[in-house]
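So the structure is just underneath, and the comments pick up after that.
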Amino acid sequence: MTSVRPQALRTLALASVAALALAACGAGSDSDSDPTASAVLPTTVPDGAEAIYGQDVDWSSCGDLECAMVTVPLDWSDPGGDTIDIAVNRHAATGGRLGSLLINPGGPGGSGIDALSSIALGRFGDDVVASYDLIGFDPRGVGQSTAISCVSDSEMDALVSADYDFATDQGVADAEAAYTALGEGCLDGTGPLLEHVDTVSAAKDMDVIRAVVGDDTLNYVGYSYGTQLGATYAALFPQQVGRLVLDGAVDPTLTSQELSLGQAVGFEGALRAYVTDCQAAASCPLTGTADEGLAQIRALLDQVTASPLPTQDADRDLTGALAFSGIALPLYDESSWTYLTMGLRDAIQSGDGSVLLQLADLYYDRDASGTYTTNSTVAFWAIGCADDRGTTDIAQMRADAAEIEAAAPTVGSFFGYGGVLCANWPVPEAGGLDSYIATDAAPIVVIGTTNDPATPYAWAESLTATLGDSATLLTYEGEGHTAYGRSNSCILDAVDAYLVDGTVPAAGTRC
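In case it helps, our numbering puts the sequence shown at residues 103 to 613.
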C-alpha cells in the first residue's frame with residue numbers, strides 16, 4: 103500500500119491473520135454458469151487490445167473449484183505486445199446466478215486464488231454464494247500469475263529481521279544498500295514485468311477478467327489494498343461498475359506520509375484496546391494502567407532491538423523488527439489477541455521469543471522449514487515502489503518519522519523512513535491516476551471499522567469523498583481489520599442485500 107521499510111506493516115487483509123481465526127472451507131461447483139461465455143467488451147476497447155478482450159478462456163477442474171489462465175498485456179501502453187498470465191479460479195453459483203463476483207484480499211501481494219479456496223467462502227452470506235460465481239485472481243506479479251521473484255529464503259530472513267539505526271546517516275545508508283540489493287534481485291529474477299506491476303495496470307487486467315467471463319459490469323469485493331484496486335477500477339471504468347464493496351478502505355490520493363502516519367496511529371489505537379482487554383485478565387503480563395502496559399511493550403521492543411531474544415530455533419533470534427511483526431499480526435482480529443498475550447508473556451516473563459517469532463513467520467508466510475510459501479512480501483514491496491515512492495531526503499524523512507513517533511509512541515518507530523526502500527529501485531515509478539472520482543458510476547459501498555489498525559476509519563471517510571457521489575459509507579463500530587464476514591450480522595446483512603438485491607445501505611448506517 104505504501105513504500106514502507108520491510109519491517110513495517112503490510113496491510114494484508116486476509117491472507118495471514120485469517121489463518122489464525124478461520125478454518126479452510128470447501129465448496130461444490132454445481133451451477134448454471136456458462137464456462138464458454140462470450141466476452142462483453144467495455145465502452146471503449148484500447149487500440150490493439152481486441153484479441154485480449156476477445157480471448158477464449160479454458161476452465162478446468164482444480165479440486166472443488168475451476169481454474170484458468172487469462173492473458174493480459176505486459177505493458178498496457180502496448181496492448182498488442184508481449185503478454186503475461188493472470189491466474190483465476192471460480193466457485194460456481196449454487197443457485198440462480200446473477201453474474202460473477204471478483205475478490206481481492208488485500209496486500210498488495212495477497213492471493214485471491216488462496217482467498218477464494220480457503221477464506222472467502224466462509225465469509226460471504228449464503229445468498230451471495232448462491233447468486234454469484236465467486237472468482238479469485240492473483241494480480242500481476244503475485245502468486246500463480248506471472249510473478250515477481252527477488253531473493254532467496256535466507257536473504258528474506260535477513261531482510262525481514264534487520265534492525266537499522268535510522269538516527270545515524272550510516273544506518274540509513276546500510277538500509278538503502280540492503281534495499282538496493284533487493285531491487286537488483288527483483289529485476290534479475292522478474293525481468294520486464296517488474297516495471298509493470300502497478301495498481302493501474304492490475305485494474306485494467308480486472309476489466310479483461312470481467313469481459314471474458316461474460317459480465318456487462320464488474321461486481322467486486324476488495325479488502326484493504328483491494329479497495330485501492332477497486333477504486334482505481336471505478337475511476338478507469340465507471341460505466342462498467344456493477345456492485346463494488348470496498349472494505350477496510352485505502353484512499354489512493356493520500357501521500358506516503360499521510361498513509362504511514364495514519365497506519366501508525368491505527369496500530370497504536372488497536373494496541374491500546376488490546377492492552378486494556380488484556381489487563382482485565384489475571385494471565386496478562388502487562389501491569390498497571392493502559393499507558394503503563396503500552397510502555398512495557400515499548401520497553402520490550404527496545405530491549406530486543408538492542409539484544410535479540412533467543413527462541414526455540416537455535417539459529418534465529420527475535421529481533422525488534424520480528425517482534426513488531428509478531429505483535430502486529432494478532433491485532434488484525436480481536437479473536438487472535440490470546441496469541442499476543444502468549445507471546446508477550448513468554449518474552450517479558452521468560453525471555454523467550456519463540457511465540458512472537460512464530461507469529462512473525464505467519465505474518466510473512468514462512469513455514470517451519472524456512473521456506474517462504476508465497477511471494478506476497480516481495481510483491482508488496484515491488485507494487486508499492488511501482489505506485490508511489492516517498493521522499494529520499496534524509497532531513498525530511500527524519501522530520502516525518504518524528505511526527506509519526508510523537509503520534510504513536512509505542513509503535514511509531516516502525517513506520518518511518520519508508521523512502522529508503524524505493525530510493526534506488528531499478529525501474530521507473532508508474533504512479534497512479536490524476537483523479538479517482540468515479541463519475542456516473544453505479545452505487546459503491548465503502549466499509550470502515552472504527553478501530554481498524556491497518557486501515558484507519560478516517561481513510562474510509564476519505565475514500566468515500568474521493569470517489570464522489572457514487573459512494574456510500576457503511577460503518578462497523580468495533581475492532582480489527584475489515585468487517586464484511588468478520589464482524590456482525592448487521593454488516594453481513596447490509597452487504598448481502600446490496601450484492602444480491604442492489605439495496606444500498608442508508609447513508610450514515612452504523613453497525
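Glycine included, C-beta positions come from ideal geometry on N, C-alpha and C.
All values derive from a computational prediction rather than experimental measurement.
Mind checking which residues open and close the alpha helix (DSSP H) that includes residue i?
i, result
"A573", "Where A573 is concerned, there is no enclosing alpha helix (DSSP H), although the beta strand (DSSP E) it sits in stretches over 573 to 581."
"F426", "422 to 430"
"A170", "Note, A170: premise wrong, no alpha helix (DSSP H); beta strand (DSSP E) at 167 to 175."
"C592", "591 to 603"
"A310", "It is Val, not Ala, that sits at residue 310 in the sequence shown. It spans 301 to 314 - the alpha helix (DSSP H) in which V310 sits, taken as one unbroken run."
"S358", "358 to 380"
"V406", "392 to 408"
"C487", "478 to 489"
"S456", "456 to 465"
Using only the alpha-carbon positions, how far apart do residue i and residue j sit?
i, j, result
"R312", "T319", "7 Å"
"Y474", "D255", "6 Å"
"D423", "T248", "What sits at residue 423 in the sequence shown is Ala, not Asp. Rounded to whole angstroms, A423 to T248 spans 30 Å at the Cα level."
"Q330", "A543", "16 Å"
"V616", "D415", "Nothing can be reported for residue 616, as the shown portion of the chain is limited to 103 through 613."
"D603", "V230", "10 Å"
"V314", "S303", "17 Å"
"S572", "V343", "10 Å"
"E507", "D404", "14 Å"
"G328", "D317", "20 Å"
"M308", "Y325", "15 Å"
"L261", "A401", "23 Å"
"L601", "V457", "40 Å"
"A336", "T566", "12 Å"
"A425", "P607", "40 Å"
"C252", "N526", "15 Å"
"Q451", "Q398", "12 Å"
"E394", "Y281", "36 Å"
"T292", "A481", "11 Å"
"I496", "G273", "11 Å"
"A408", "G534", "39 Å"
Rounded to the nearest angstrom, how far is the Cβ of residue i from that of residue j, given a contact under 8 Å?
i, j, result
"A333", "Y538", "5 Å"
"A153", "P175", "Incorrect: roughly 10 Å between the Cβ atoms, too far for contact."
"A392", "R418", "Actually they are not in contact, since the Cβ atoms of A392 and R418 sit about 32 Å apart, beyond 8 Å."
"L420", "G455", "3 Å"
"R588", "R225", "7 Å"
"A189", "I221", "Between I221 and A189 the Cβ distance is about 16 Å, and since that is not below 8 Å, they are no contact."
"A585", "I593", "5 Å"
"L461", "G428", "4 Å"
"G486", "P148", "Contact flag wrong, Cβ pair sits at about 26 Å."
"V367", "P558", "7 Å"
"E286", "P528", "6 Å"
"L411", "A384", "Not a contact, Cβ separation roughly 24 Å."
Going along the chain, which residues of its own chain have a beta-carbon closer than 6 Å to the beta-carbon of residue i, five neighbours each way excluded?
i, result
"T479", "Y466"
"L204", "I237, Y322"
"A389", "Looking at the sequence shown, residue 389 is not Ala but Thr. Within the same chain, T389 has no close Cβ partners at all."
"A532", "D300, A488"
"P340", "A540, T541, D542, A543"
"P241", "A304"
"R447", "P387"
"A277", "Y266, V522"
"S263", "T421, A423, L424"
"A125", "Its pLDDT being 29, under 50, A125 is placed unreliably by the model, and nothing is read from it."
Please list, in chain order, all residues of the same chain as residue i whose beta carbon is under 7 Å from its beta carbon, the five residues on each side excluded.
i, result
"T173", "I154, Q157, T185, D187"
"A372", "L433, N553, P555, E581"
"A484", "G243, I250, C288, L296, V299"
"P294", "L176"
"A115", "Per-residue confidence for A115 stands at a pLDDT of 35, beneath the threshold of 50, marking its modelled position as unreliable; the derived number appears in the next sentence. So the qualifying residues of the chain are P207, G208, G212, Y325, S326, G328, G350, H583, T584."
"T355", "Y538, T568"
"D502", "Q359, G518"
"P545", "S572, T574, V606"
"S202", "Y234, D235, I237, V315, D317, N321"
Give the range of the beta strand (DSSP E) segment to which residue i is assigned.
i, result
"Y325", "320 to 325"
"G550", "546 to 553"
"A189", "185 to 193"
"F239", "234 to 239"
"L204", "201 to 206"
"V513", "First-last for V513: undefined, no H or E at that position."
"V347", "343 to 349"
"C524", "First-last for C524: 521 to 524, but that is the alpha helix (DSSP H), not the beta strand (DSSP E)."
"C386", "Premise fails: C386 is in no beta strand (DSSP E) and is neither H nor E."
"S437", "Taken as a continuous stretch (DSSP letters only), S437 belongs to no beta strand (DSSP E), as it is neither H nor E."
"S219", "S219 -> not in any beta strand (DSSP E); alpha helix (DSSP H) instead, spanning 214 to 220."
Flag residue i as yes if its beta-carbon sits less than 8 Å from any beta-carbon of chain D, otherwise no.
i, result
"G486", "The structure shown contains no chain D, having only a single protein chain."
Keeping to the same chain, check which residues put their C-beta closer than 8 Å to that of residue i; ignore five residues upstream and five downstream.
i, result
"W161", "P137, E168, C169, A170, R192"
Is the segment 515 to 534 touching the segment 268 to 281, taking contact as three or more C-beta pairs under 8 Å? They touch, by the three-pair rule.
With a cut-off of 8 Å, do at least 3 Cβ pairs link the segment 344 to 360 to the segment 376 to 384? no
Is the segment 560 to 576 in contact with the segment 344 to 354, if contact means three or more CB pairs nearer than 8 Å? Output reads yes: the segment 344 to 354 touches the segment 560 to 576.
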